[in-house]
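Take a look at the structure set out below.
Protein chains: 2
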Amino acid sequence: MLPNGVGTFDLGITERKRRERAEREILIVDTARRIAEEEGWAAVTIRRLAQDIEYSQPVIYSHFASRDAIVGAVAIEGFGELAAALRGAAHSASSPKNALAAVAETFLDVAFDRPAIYEAMFVLPSGLRFAKSDTPPQLRDTFDALAAVITPFCQDVEVATETFWASLHGLAELERHGRIRPAFRAQRLARIVQMVCAQAPK
Amino acid sequence: MLPNGVGTFDLGITERKRRERAEREILIVDTARRIAEEEGWAAVTIRRLAQDIEYSQPVIYSHFASRDAIVGAVAIEGFGELAAALRGAAHSASSPKNALAAVAETFLDVAFDRPAIYEAMFVLPSGLRFAKSDTPPQLRDTFDALAAVITPFCQDVEVATETFWASLHGLAELERHGRIRPAFRAQRLARIVQMVCAQAPK
DNA sequence: ATTGATAATCTACCACTGCTAGATTATATA
DNA sequence: TATATAATCTAGCAGTGGTAGATTATCAAT
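Chains as they are written, first to last, in the working numbering: chain A, 1 to 202; chain B, 203 to 404.
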């Protein structure tokens, strides 16, 4: 037994290992995200990930239970960044209507500029659960950022936010799938903003 | 050479074969749809399809170039049915506002009652191209059915229809993915209808 | 320094996928 | 009945997500 009663000298070693493991986990997520952005999610296979991080496949599974869980990790990152971008857009606006328009435009910008992350957040199976006790705060933050700009134009904030969010997501999805004309994106956004603003508050 | 100069007696045989081939193609699409509805699209594999229609896998590929093409065939069927359902809903309504509400509700009903077909139409890769020369009429029909009920409430019908469509699709997708509360579907729909109706025509 | 236990990692595999080359069987004509 | 052709099948490729079990490195205790 040791003088301090702990039974070991290597708390520092254990700590270093814990840290290295955490770094490797971040490396996996970053690598998945990079491949997805450059070549699409279909290119993000476990073998490819293992090759790129220079470990064998089972190591990936010692960090994530499934491929979906890796998508989920990228999605959470994406929600954090989306929430920040939306808050930034709202903050720079000079009126409630401008804030609404800026947030809507920013949402679509993210969807089209970073389609892989957007897919992870909204389209692919990711194992993420919303409005549950284990829901990551980044998801709530995104919802709240949308709610903040819609509040001046509605009575029921939750319902209005869900509806606003759905409209934006629908615009992103239909355009991503080539169902609606890219050239008229701004006009569709203007119509949404116009309709929301026509609603009386209280 | 034969008296009629055709060089063959079996035009009837050729015709029968052509017919049998067409029937088998329909069987493939119907089978794919059935499996997708009962067990999800992941269960629709080429091997499974081949087994169910009692032919080998290459026979499937003699009808469809890829699995995606089969999804596309189911999607086209779905668009035909969706267009009909939307037109029916609009027809039974007593006012432009009621028609709008009925169409919106019908759209979501289809999305939730037949999720596999909805996925084929809007989510999965299907090889379908919109607003192109080779676009099947069923797709245009669906768009037109939406346009018909939105026309009384807008100036630019195309933009308004795209926006309306996107809102409905977004509501369907977010609810399907558990992002928004199923219990408030009617309230979200009511808000959409309310917003559209607040717009001036002219 | 050498042991024995433990943790970390890898090799090799499973069952499955979409898809296809080439052999085989059935069919229609001469 | 022989031959060309069309229809169909068997068997395989290269890839997937995921994992069991052998192997290696690392540790504490002698």
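In this text, a Cβ means the ideal position worked out from N, Cα and C, and glycines have one as well.
Neighbourhood of residue i by C-beta distance below 7 Å, restricted to the same chain and skipping five residues each side
| i | result |
| --- | --- |
| B:Glu307 | Leu391 |
| A:Ile76 | Pro136, Gln138 |
| A:His177 | none |
| A:Gln199 | Phe153, Cys154 |
| A:Ala83 | Gln138, Asp141, Thr142, Ala145 |
| A:Gly203 | What is shown of chain A runs 1 to 202, which leaves residue 203 of chain A out entirely. |
| B:Gly214 | none |
Straight-line Cα distance separating residue j from residue i
| i | j | result |
| --- | --- | --- |
| A:Ala147 | A:Phe79 | 15 Å |
| A:Ala116 | A:Ile28 | 16 Å |
| A:Asp109 | A:Gly170 | 14 Å |
| B:Ile237 | A:Glu54 | 40 Å |
| B:Ala275 | A:Arg16 | 56 Å |
| B:Arg393 | A:Asp141 | 23 Å |
| A:Ala183 | B:Glu222 | 45 Å |
| B:Gln389 | A:Arg179 | 27 Å |
| B:Ile272 | B:Ser297 | 39 Å |
| B:Phe309 | B:Arg220 | 37 Å |
| B:Met323 | A:Ile60 | 35 Å |
| B:Pro327 | B:Ala224 | 24 Å |
| B:Thr210 | B:Arg331 | With a pLDDT of 47 at B:Thr210, under the threshold of 50, the modelled position of that residue is not reliable, and no figure is offered here. |
| A:Pro58 | A:Ala42 | 20 Å |
| B:Asp358 | A:Glu81 | 34 Å |
| A:Thr163 | B:Asp336 | 34 Å |
| B:Ala287 | A:Ala85 | 40 Å |
| A:Glu220 | A:Arg181 | For chain A, the structure presents residues 1 to 202; residue 220 of chain A sits outside this window and is missing. |
Among the options, the one whose alpha carbon lies nearest that of residue i
| i | options | result |
| --- | --- | --- |
| A:Arg47 | A:Glu37, A:Ser66, A:Asp156 | A:Ser66 |
| B:Lys187 | B:Gly242, B:Ala388, B:Ile352, B:Arg236 | Since the displayed chain B opens at 203 and closes at 404, residue 187 of chain B lies outside it and no answer follows. |
| B:Leu356 | B:Ala286, B:Lys219, B:Val398 | Looking at the sequence provided, one finds Cys at residue 356 of chain B rather than Leu. Ranking the options by Cα distance to B:Cys356, first place goes to B:Val398. |
| A:Arg33 | A:Ser167, A:Asp141, A:Tyr118 | A:Tyr118 |
| A:Glu175 | B:Ser369, B:Glu377, B:Arg383 | B:Ser369 |
| A:Arg87 | A:Phe143, A:Ala172, A:Ser126 | A:Phe143 |
| A:Glu158 | A:Ala172, A:Gly40, A:Asp113, A:Ala131 | A:Ala131 |
| B:Ala374 | B:Val325, B:Ala287, B:Asp270 | B:Val325 |
| A:Gly40 | A:Arg185, A:Arg114, A:Asp134 | A:Arg114 |
Neighbour flag for residue i against chain A, beta carbons, 8 Å
| i | result |
| --- | --- |
| B:Ser369 | yes |
| B:Ala362 | yes |
| B:Phe386 | yes |
| B:Phe332 | yes |
| B:Arg393 | yes |
| B:Ala318 | no |
| B:Asp346 | no |
| B:Asp358 | yes |
| B:Leu373 | yes |
| B:Gln401 | yes |
| B:Arg342 | no |
| B:Val273 | no |
Chain-order list of residues whose beta-carbon lies under 8 Å from that of residue i (same chain, five-residue window excluded)
| i | result |
| --- | --- |
| A:Ser56 | Ala50 |
| A:Ala90 | Ala99, Ala102, Val103, Ala145, Ala148, Val149 |
| B:Asp254 | Thr233, Ile237 |
| A:Arg185 | Leu108, Leu171, Glu175 |
Cβ neighbours of residue i in the same chain (closer than 6 Å, five flanking residues each side left out)
| i | result |
| --- | --- |
| A:Ala101 | Val193 |
| B:Glu227 | His265 |
| A:Val44 | Ala32, Ile35, Ala36 |
| B:Ala295 | Ala301, Ala304 |
| B:Trp367 | Leu348 |
| A:Ala160 | Ile150, Cys154 |
| A:Thr14 | none |
| A:Ala111 | Tyr118, Ala172 |
Residue-level contact to chain B via CB, residue i, 8 Å cutoff
| i | result |
| --- | --- |
| A:Gly178 | yes |
| A:Val110 | no |
| A:Thr163 | yes |
| A:Leu174 | yes |
| A:Ala188 | The displayed chain sequence assigns Arg, not Ala, to residue 188 of chain A. Yes - at least one Cβ of chain B is within 8 Å of the one on A:Arg188. |
| A:His63 | no |
| A:Val196 | yes |
heavy atom of the ligand NAD below 7 Å from residue i C-beta
| i | result |
| --- | --- |
| A:Arg191 | Because no ligand of any kind appears in the structure shown, any question about the ligand NAD cannot be addressed here. |
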